[in-house]
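Q:
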Amino acid sequence: MTENIRFIHVHDLTTAVRTSQLAAEIWHQHYDEIIGSHQVDYMISSFQSAQAIMRDVLEKKYDYYLISDEVNNLLGYYAVCMDTGENSLFLSKLYIHESARGRGLSRKMLDHMLEKNKPDSVWLTVNKNNYKSIEVYEHFGFITERMQKVDIGNGFFMDDRVMRLTLQP
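Residues in the sequence shown are numbered from 17 upward in steps of one, following the numbering used here.
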C-alpha cells in the first residue's frame, strides 16, 4: 500500500512526550499478552518515559523518529544508535500502532534508517515469543545470531533473540 508518511525527528521534550505516550499505547497493545502488563508498565517507565527518551537522545546519541500520516495521526516510531567503529546500526525500537499494521510501514521505516545511516549491518533484540515481529524481521532478511537473557531489574528479564541483517557493500 502506498501512502504518504512523514518522519518526525524526536529532538525535544515535546516530541519525546508524544513518543512516550504512543509507546505506552503500542506496548500495551502488543506486549501485555507476551510479557504481562506489570513488566510492560515497568519497561515503559524505565525505558520509554519522555525523560528516558531524552536521555537516549542527548547522552547515548540515539535517533528517534515518529511516523505520521498526512493528517498528523501518529502511526509508530523507531529508535536507532550507530556504532561507527563497526559501521553497525542498533535498531533499538520499531513499533507500529495496531491500527496501522499491515501497510508496509516497517519497510518504510527500515529504508529510512538505512538511508540516513548507511550501515554495513543492522542488529536488534526481539522477545523470543514475539513471533509476528520475528516473522517480519526474517522477511527482511534478518537472521538469529544467538539468544540472550538480560536482567532489567525489579525481577524482570528480557528473554530475546539477537538478530542481524547484513547489507551488501
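Just so it is clear, CB atoms sit at the ideal spot from N, CA and C, and this is done for glycine as well.
Could you check if M163 is buried or exposed, using at least 16 other CB atoms within 10 Å of its CB as the buried criterion?
A: What you label residue 163 is simply residue 147 of the sequence shown in a count that begins at 1. Burial call: exposed.
Q: Short of 8 Å in beta carbon distance, which residues of its chain neighbour D48, apart from the five on each side in sequence? Order them along the chain.
A: Counting from one through the sequence shown, the residue named residue 48 turns up at place 32. The residues are V56.
Q: Would you call the CB atoms of M207 and Y147 closer than 8 Å?
A: Given a span of 17 to 185 for the chain in the structure shown, any question on residue 207 remains unanswerable.
Q: Given that a residue counts as buried once 16 or more other Cβ atoms are within 10 Å of its Cβ, and exposed if not, what is R177?
A: For the purposes of this step, residue 177 is taken as residue 161 along the sequence shown, with counting starting at 1. Label assigned to R177: buried.
Q: Measure how close the beta-carbons of F173 and V166 come, nearest whole angstrom, since I'm counting them as under 8 Å.
A: What you label residue 173 is simply residue 157 of the sequence shown in a count that begins at 1. What you label residue 166 is simply residue 150 of the sequence shown in a count that begins at 1. Indeed, because the Cβ distance is near 6 Å, the residues count as touching under 8 Å.
Q: At 4 residues or longer, and completely inside the region 59-84: list those alpha helix (DSSP H) runs for me, N to C.
A: Within the region 59-84, the complete alpha helix (DSSP H) runs of at least 4 residues are 66-74.
Q: What residue from A32, H155, E19 and V87 has the CA that sits closest to Y81's CA?
A: Taking the first residue of the sequence shown as 1, we reach residue 81 at position 65. Comparing Cα-Cα distances from Y81 to each of A32, H155, E19 and V87, the minimum goes to A32.
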